Amino acid sequence: PPLLSIEQDIYDKPYFIASQGPKQSTMVDFWRMVLEQRVYTIVMLTNVMEKGREKCAHYWPRPSESFINVGSYIVHNHREERRELYSIRYLEVVAGDQKRVVKQYHFTSWPDFGALERVTDLLDFMADIRSTMLANGDHLLVHCSAGVGRTGTFIGLWNLMDESDRDRRAESINIRQTEQFLYLTKCIAAYIEAPHLWSKYQEGTM
């Protein structure tokens, strides 16, 4: 599978970069991508180890290390802030005379192939990131382990939150009441759970 995919906004500029979690063999490529794609914010949705298996390389310095060498890149961890369910790290990557400080949001409580018990946990996490993104307008790199399940859920929810915000700001909107919007989300959930009941594509025709 590809290392990453890029979702573009309406102005044809990269906005989200969805990536696999880097492995030891792809750490150099990962940091090169961060510099080349003008990434200033990384969202990590997996733990390094889950159920005894490595899900992602430790691509930043451990607490006992002041820096690590990744090929020709030097990566420092200048500061770390711990929250209940996630950590925020301020990483500096140096390549020759090029330097960049990258903010990494590491959510540590989302099980692979699973969902969070409280929807507010993910919403609070995203609200923290969104407040920074609105101020900086930088590109957002999102990765879990495979770059599919948790990453896709995060980006999908972000886009739905944007749509909801745009509707509320618009002078004329199609969905005027919160109750109607909530009903719409319930319909979508029901459709996803049993698409064979309502899909125009029958089995064997897709």
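Under my numbering, read the sequence shown as residues 802 to 1007, first letter to last.
Ideal placement from N, C-alpha and C gives every residue a C-beta, glycine not left out.
In this text, all values refer to a predicted model and were calculated from it rather than measured experimentally.
DSSP bridge partner residues for residue i (one or two, in chain order)
i	result
Y930	Tyr is not the amino acid found at residue 930; the sequence shown has Ile there. Answer is none; I930 lacks a bridge partner.
V840	H940
M845	H907 and H944
Sequence-distant residues of the same chain with beta carbon closer than 8 angstroms to residue i, five excluded per side
i	result
R931	W959 and M962
Collapsed DSSP secondary structure at residue i in the structure displayed
i	result
S965	helix
S1000	coil
T995	It should be pointed out that residue 995 corresponds to Ala in this sequence rather than to Thr. Looking at A995 - three-state DSSP - the assignment turns out to be coil, as it is neither helix nor strand.
V829	helix
V835	helix
Same chain, Cβ closer than 6 angstroms to residue i, neighbours up to 5 away in sequence not counted
i	result
S910	L886
N874	Residue 874 is actually Tyr in this sequence, not Asn. Hits under 6 angstroms: W832, V894 and A896.
E882	I889
Same chain only: Cβ atoms within 7 angstroms of residue i, ignoring 5 sequence neighbours per side
i	result
T1016	Since the first residue of the chain shown is 802 and the last is 1007, residue 1016 is not available in this structure.
F914	G950
A947	Q821
Given 8 angstroms, three or more beta-carbon pairs between the region 832–845 and the region 940–951: Touching, yes.
Sequence ranges, beta strand (DSSP E) only - wholly within the region 851–932, length at least 3: Counting only runs of 3 or more, we get 868–871, 874–883, 887–896 and 899–908.
Can at least three beta-carbon pairs, one atom from the region 847–863 and one from the region 980–989, be found at a separation below 8 angstroms? Three or more Cβ pairs closer than 8 angstroms define a contact, and the region 847–863 falls short of that threshold against the region 980–989.
Could you check whether the region 816–833 touches the region 867–881, counting it as contact only if at least three pairs of C-beta atoms, one from each stretch, sit closer than 8 angstroms? In short, these stretches touch, since the Cβ pair count reaches three.
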